[in-house]
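Heads up, the sequence shown is in the numbering used here, so the first residue is 1121 and it goes up one at a time.
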Amino acid sequence: MGEARVLLAVALGGTVGSLGRYAATVAFPTEPGSFAWTVLLVNVTGCALLGVLTGLLASERARHPLARPFLGVGVLGGFTTFSTFALDTHALADAGALPGAFAYVGLTVVACLAAAMAGVWSVTHR
1121 MGEARVLLAV ALGGTVGSLG RYAATVAFPT EPGSFAWTVL LVNVTGCALL GVLTGLLASE
1181 RARHPLARPF LGVGVLGGFT TFSTFALDTH ALADAGALPG AFAYVGLTVV ACLAAAMAGV
1241 WSVTHR
């Protein structure tokens, strides 16, 4: 498969995912310096969906050569966001909510790992 097709799939998928994340933050905004529930839910959802995709690709039920570049790297890579997570954590700490910042980090890591594992499990243990 041509490299141009893969790059186009990643770019188009990234556009879709980024627009989805932006739409979520517009629909459910959080105040600067407050707990960023929307970004947390976006990241947990994205991790769960990436787990499902990974499980499907491993089981050969979705073996299209552009599935991982478009859906995994593009859509879900654009949808989830580590940089926003980092900035939201900084904003909490900067606003004096250090316990909230640590809670946000812990909850994000635990919830995202659990979501990814559940996603893989959901399609590999039927």
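Cβ atoms here follow ideal geometry from the backbone N, Cα and C, with glycine treated the same way.
Per DSSP, what kind of secondary structure is residue i in: helix, strand or coil?
i	result
F1148	coil
L1207	helix
T1228	helix
T1201	coil
R1246	coil
G1239	helix
G1122	coil
For residue i and residue j, what's the separation of their Cα atoms in angstroms?
i	j	result
L1160	F1205	8 angstroms
L1186	T1228	29 angstroms
S1179	T1244	7 angstroms
L1169	F1190	13 angstroms
L1139	G1192	15 angstroms
Buried or exposed: where does residue i fall if 16 or more other Cβ atoms within 10 Å of its Cβ makes it buried?
i	result
R1188	buried
G1141	Checking the sequence shown, residue 1141 turns out to be Arg, not Gly. With 16 or more Cβ atoms within 10 Å of its Cβ, R1141 is classed as buried.
T1135	exposed
G1208	Inspection of the sequence shows that residue 1208 is occupied by Asp rather than by Gly. That one is buried.
A1236	buried
V1240	buried
G1226	exposed
Since residue i is in the alpha helix (DSSP H), which residue starts that stretch and which ends it?
i	result
A1215	Note, A1215: premise wrong, no alpha helix (DSSP H); not H, not E.
- prompt: Hey, which unbroken runs of the beta strand (DSSP E) at 3 residues or more fall wholly within the stretch 1134 to 1195?
  reply: none
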